[in-house]
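Chemist: One structure, pasted below without further comment.
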Amino acid sequence: MRKINIGVRDFALPVPRTGSIEVNSGYGALPANGQELHVALQKKRQDEFYNYRCEVKVSHTFERGGFKFAVSGQIDGILDGTVTIVEEIKSTFDIQDLLQKLKSDIDHPYAMQLKTYMYLLMLAERVVPLGRFLLVSSRTGEEIELPITFDRDSYEAWLDKRLDELVVQAEQQEADASRRKTISRTMSFPFSTPRQSQLELIEHVEAGLDNNEPMLIQAPTGLGKTIGVMFPVAKEAFSRGQTVVYVTPKNSQHSVAEDAIKRLQKKQPKLRSLTITAKSKLCFKAEQICNPQYCEYAKDYYQKVYENDLLNKVTKHKHLSAQTFRDIGENYKVCPFELSVDSLERADVVIGDYNYVFSPRSLLGRLSNQTAAKKDKPNLIVDEAHNLPSRAADYYSGSLSTYGLQILQEELNTRTHPFVAEALTLVSKGIEIIYASKPRGAKQAQLEVIPESFKEHNEHLRDFLMRYLGSKIEIDQKDPILKMCGDWADFSSALDFEGDNFFATYSENSYGATIKITCCDASEKLKAAHDAFSNVVAFSATLKPFEYYAKLSGFKSTKTKTMEFQTPFPKINRKLVVIPQVSTKYSDRDRNYQKIAQAIMKITNMKSGNYFVFFPSFGFLEAVAQLCTFDRFQMIKQTPEMRPSEVNRCIDVLKAQQEPTLIFAVQGGVFSEGVDYPGESVIGAIIVGPALPNYNLERELLRGYYEKNYGTGFEYAYTYPAMAKVIQSAGRVIRSESDRGLIVLMDRRFIETSYVDTMPDDWFDNSVDELVSGSILADIQTFWKESERPNESIA
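Read in order, the letters of the sequence shown correspond to residues 292 to 1086 in the working numbering.
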């Protein structure tokens, strides 16, 4: 008889489901600050009552349909006495709203939780307790006691229906697990003749999975690493009846994983995949406001999903995409994003953005049973993993600026509704609070303490926002009030993080003042996320030095299996040149702009085609562009404000190959990562200097943290992040075995040890000096002449 562990929160749901997507619905995530309020209130109760018990563990195992359901939880508080009273603490911003919901709905999920605690205590201690809610306002601290009526007969009638429901769910889970195991046994690589490098990659991944080793894999573009990693990781997970979660740093990069899954599905038509798409791209409304008064797709959501059996209907689709969920959402008038989240457990492979696994608002609890044994957890694949340390640090950072608030102020002045005057007052107060945090006599400084006024102002904004959303004012996509309240709330959330890996800074310039909370190192947060999975495989074309990425990505460097694969393409198809005669250091730039411009013009003039020139910054790009003239090329410059549609037009120009084109772009930008330029779409990339982060107070504080904790401050703060951008930029050239291309690195730092240590092994045989030429133009000319001959290596 299989045992299934289930917490009270997941167990105590209404049968049938009722309710809408809204605050205080009882479904979804708990309030972020709820635990802190709970602890404070419990301490207060213990001070008031000597016979008050906190966090009392209760459990009971129910048998039904061949399963054992072990239900467990912790009661917030028990007041012992002549009559035993079970207390359930619930914190909320709008206490009156929650009070009315609990009074009007005896089957509210919170009510079912409290009744379940009472029932479990009755079974454990053979008492007949009373029950009451202790509601507390997170805004004002107001407390309200609300007794509830508990009828054993009606509860046990609900219990019968809920256990029957759980049996059906358990049978579905077993059927899904059995189906996955069958897929694993019959799974074969989707290509009849895998590349030798792919076979080696698969073997290495399989060995790592066998040894339960987390993996960091560096493999160049063109190796076929996506399917080479996906295939063994999925096969291993499916063999245990488990799933695979595949995450990327951007939604735009999902298509590579989706293509790999489609190839697997050709031979395994019963394999189901699901792509989680950002709520903003799925939402039918002008603004993402989840309450039934504003959104008809949120209204009665849980009831509509239950009555229409939508969580079973979605399994009829082999791949659940954004369009699939939008179609179902429109047809049944349900929120497509929430439906995609509720459908996660029915998918075999889930594809999504990093934030669904690694951010404070992740979906980890929906993607994995974190309390399960390791063998009962899914596998995780992290694509473009060089982005993970910085992306994770950003999740736990936050900032506010007076300039941003002034922009909102201008936007508010164009509005005419009754809330404008109060909103403008709140904006002015926010600007005042930021300036008031300025340390005496300093325009840039680290802040030891953040004034309480920031959190107090956040409470005022939340109160204002509740009233604003409750009005009948039409809200559009660029609503400044939502923007203001959201930005301040995000910053306030960052204030809750503590430790020496966080610091706060104040800075001021001609635009205004900025206050920022910076996370230097999110490795502990990432490690906690990794622990939710049985195996973790992270890969990228840029993961050296491995020790740096292992430490900052939350891997234990001693246990992590690291692998580097070389390009599978003939080396004669690629020309790599380092030009150390150029310096792009900030202090040398004015003297080198002309030299750089001349080199770009001479190098590109040697062969007609499409080229990228990647710069450290937009300012640098513009300075050099003004010195360049091209007769044979059209020149396109990337701009900071470039819209996605403009980027796509530029990429289309390259792929059309109708006119030789030179694109001046920045390293680490939209053109330099996660974009394929097949064939002769791009024949060369000139990389002008390593794009070291700007030297400022924040970066120097980061350097100090890394020096103290890892002993390599400058490399961690400056060199390694810059070289990741360089190598990604270089990877835009040579995307297949028939491609030929030129890569030029301009700067003397490219021959220094700390920079060379990050370079792929296949860039040179023994020394980076092999890439330095005494006759640069002649060598490049020879390469282009030889490349015009038939390529014998691939004939």
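No residue lacks a Cβ here, since even glycine has one placed at the ideal position from N, Cα and C. Model, not experiment: these values are computed from the prediction.
#1: Leaving out five residues before and five after residue 967 in sequence, what residues of the same chain have Cβ atoms less than 6 angstroms from its Cβ?
#2: Is it buried or exposed for residue 584, if we count other Cβ within 10 angstroms and need 16 for buried?
#3: If you compare alpha carbons, which of 883, 530, 790, 1028 is closest to residue 1106?
#4: In this structure, what does DSSP give as the bridge partners for residue 1034?
#5: Does DSSP classify residue 810 as helix, strand or coil?
#6: Could you tell me the alpha carbon to alpha carbon distance between residue 545 and residue 371, rounded to whole angstroms?
#7: Taking a contact to mean a Cβ-Cβ separation below 7 angstroms, would you say residue 648 touches residue 820 in this structure?
#8: If you follow the beta strand (DSSP E) that residue 737 is part of, which residue opens it and which one closes it?
#9: To which residues of the same chain is residue 413 closer than 7 angstroms at the C-beta, ignoring the five residues directly before and after it?
#10: For residue 588, I'd like the list of residues in its chain whose CB is within less than 7 angstroms of its CB, leaving aside the five on either flank, ordered along the chain.
#11: Measure from the C-beta of residue 372 to each C-beta in chain D and report whether the shortest distance is under 7 angstroms.
#12: Taking all protein chains shown into account, decide if residue 798 is buried (16 or more other Cβ within 10 angstroms of its Cβ) or exposed.
#13: Based on the DSSP output, what are the partners of residue 776 in its beta bridges?
#14: If distances are taken between C-alpha atoms only, which option among 991, 534, 628 comes closest to residue 667?
#15: Enumerated in chain order, which unbroken segments of the alpha helix (DSSP H) with a length of 4 residues or greater are wholly contained in the region 862-928?
#16: Should the region 830-844 be called in touch with the region 711-722, which here means at least 3 C-beta pairs below 8 angstroms?
#17: Return the first residue and the last residue of the alpha helix (DSSP H) that residue 1073 is part of.
#18: Look at the alpha carbon of residue 1043 and the alpha carbon of residue 730, and state the distance between them as a whole number of angstroms.
#19: Taking the alpha carbon of residue 655 as the reference point, which residue from 294, 850, 1010, 536 has its own alpha carbon closest?
#20: When burial is assigned at 16 or more other CB atoms within 10 Å of the CB, is residue 1070 buried or exposed?
#21: At the level of alpha carbons, what is the spacing between residue 505 and residue 1010?
#22: Any contact between the region 782-799 and the region 762-773? By contact I mean 3 or more CB pairs, one from each, below 8 angstroms.
#23: What is the rounded straight-line gap between the Cα of residue 462 and the Cα of residue 1017?
#24: When burial is assigned at 16 or more other CB atoms within 10 Å of the CB, is residue 302 buried or exposed?
#25: Can you tell me where the beta strand (DSSP E) holding residue 422 begins and where it ends?
#26: At 4 residues or longer, and completely inside the region 549-591: list those alpha helix (DSSP H) runs for me, N to C.
#27: On the DSSP letters alone, give me the boundaries of the alpha helix (DSSP H) that residue 499 sits inside.
#28: At which residue ranges does the region 648-717 contain complete beta strand (DSSP E) runs of 3 or more residues, listed in the order of the chain?
#29: Can you tell me which of 352, 338, 362, 330 puts its alpha carbon nearest to the alpha carbon of residue 300?
#30: For a test of the three-state rule: what should DSSP assign to residue 295, helix, strand or coil?
#31: List the residues that DSSP assigns as beta-bridge partners of residue 1090.
#32: Name the two residues that bound the continuous alpha helix (DSSP H) containing residue 413.
#33: Within 10 angstroms of the Cβ of residue 940, are there 16 or more other Cβ atoms? Answer buried if so, exposed if not.
#34: Do you know offhand how far residue 338's Cα is from residue 427's?
#35: With distances taken between CB atoms, is the gap from residue 658 to residue 827 smaller than 7 angstroms?
#36: When you compare only the Cα positions, how much space is there between residue 310 and residue 599?
Modeler: So, to answer that:
#1: On the sequence shown, residue 967 is found 676 positions in, with the first residue counted as 1. If the five residues before and after residue 967 are omitted, its C-beta is found closer than 6 angstroms to the C-beta atoms of 1026, all from its own chain and listed in chain order.
#2: Taking the first residue of the sequence shown as position 1, residue 584 is located at position 293. Exposed.
#3: Residue 1106 cannot be examined here, being either before or after the span of the chain that is shown, 292 to 1086.
#4: By 1-based counting over the sequence shown, the position of residue 1034 is 743. 867, 976, per the DSSP bridge assignment.
#5: Counting from one through the sequence shown, the residue named residue 810 turns up at place 519. The answer is strand: DSSP assigns residue 810 an E or B state.
#6: The residue you call residue 545 lines up with position 254 of the sequence shown. The residue you call residue 371 lines up with position 80 of the sequence shown. Straight-line Cα distance between these residues: approximately 55 angstroms.
#7: Translated into positions along the sequence shown, residue 648 becomes position 357. Translated into positions along the sequence shown, residue 820 becomes position 529. Cβ atoms of residue 648 and residue 820: closer than 7 angstroms.
#8: As a working mapping, residue 737 is identified with position 446 in the sequence shown. Here the beta strand (DSSP E) through residue 737 covers 735-738.
#9: Locating residue 413 in the sequence shown gives position 122, counting from the first residue. The beta carbon of residue 413 sits closer than 7 angstroms to the beta carbons of 419, 420 from its chain, once the five residues preceding and following it are set aside; these are given in chain order.
#10: Numbered from 1 along the sequence shown, position 297 holds the residue referred to as residue 588. The beta carbon of residue 588 sits closer than 7 angstroms to those of 575, 620, 624, 625, 626, all from its chain and outside the five residues before and after it, given in chain order.
#11: Considering every chain present, this structure includes no chain D. It has just one protein chain.
#12: Position 507 of the sequence shown, counting from 1, holds the residue named residue 798. Result: buried.
#13: To locate residue 776, count along the sequence shown from 1; it is residue 485. For residue 776, which the question treats as bridged, DSSP gives no partner whatsoever.
#14: Position 376 of the sequence shown, counted from the first residue, corresponds to residue 667. Residue 534 is the option with its Cα nearest to residue 667.
#15: You should have 880-895, 909-916.
#16: no
#17: Along the sequence shown, read from residue 1 onward, the residue named residue 1073 stands at position 782. Here the alpha helix (DSSP H) through residue 1073 covers 1067-1078.
#18: Translated into positions along the sequence shown, residue 1043 becomes position 752. Translated into positions along the sequence shown, residue 730 becomes position 439. Whole-angstrom Cα-Cα distance: 39 angstroms.
#19: Here residue 655 refers to the residue found at position 364 when the sequence shown is read from its first residue. Residue 536 is the option with its Cα nearest to residue 655.
#20: Counting from 1 along the sequence shown, the entry for residue 1070 is found at position 779. With fewer than 16 other Cβ atoms within 10 Å, it is exposed.
#21: Here the question's residue 505 lines up with position 214 in the sequence shown. Here the question's residue 1010 lines up with position 719 in the sequence shown. Cα-Cα distance, rounded: 25 angstroms.
#22: no
#23: Taking the first residue of the sequence shown as position 1, residue 462 is located at position 171. Taking the first residue of the sequence shown as position 1, residue 1017 is located at position 726. Roughly 51 angstroms between the two C-alpha positions.
#24: Mapped onto the sequence shown, residue 302 falls at position 11. Classification of residue 302: buried, given that the 10 Å Cβ count is 16 or more.
#25: On the sequence shown, residue 422 is found 131 positions in, with the first residue counted as 1. Element bounds for residue 422: 421-428.
#26: The region 549-591 contains, as complete alpha helix (DSSP H) runs of 4+ residues, the segments 570-573 (chain order).
#27: In the sequence shown, counting from the first residue as 1, residue 499 sits at position 208. Taken as a continuous stretch (DSSP letters only), the alpha helix (DSSP H) holding residue 499 covers 487-501.
#28: 670-673, 689-692
#29: The residue you call residue 300 lines up with position 9 of the sequence shown. Of the residues 352, 338, 362, 330, the one whose Cα lies closest to the Cα of residue 300 is 362.
#30: Here the question's residue 295 lines up with position 4 in the sequence shown. Strand, per DSSP.
#31: Lying outside 292 to 1086, the shown extent of the chain, residue 1090 is not represented and no answer is given.
#32: Residue numbering aside, residue 413 sits at position 122 when the sequence shown is read from its first letter. Looking at the DSSP string, the run of the alpha helix (DSSP H) that includes residue 413 is 400-416.
#33: Residue 940 sits at position 649 when you count from the first residue of the sequence shown. So residue 940 ends up on the exposed side.
#34: As a working note, residue 338 is residue 47 in the sequence shown. As a working note, residue 427 is residue 136 in the sequence shown. Each residue's Cα considered, the two are about 17 angstroms apart.
#35: Within the sequence shown, numbered from 1, the residue matching residue 658 stands at position 367. Within the sequence shown, numbered from 1, the residue matching residue 827 stands at position 536. Not in contact: residue 658 and residue 827 (Cβ atoms no closer than 7 angstroms).
#36: As a first step, residue 310 is located in the sequence shown; it is residue number 19 there, counting from the start. As a first step, residue 599 is located in the sequence shown; it is residue number 308 there, counting from the start. Going by the C-alpha atoms only, they are around 15 angstroms apart.
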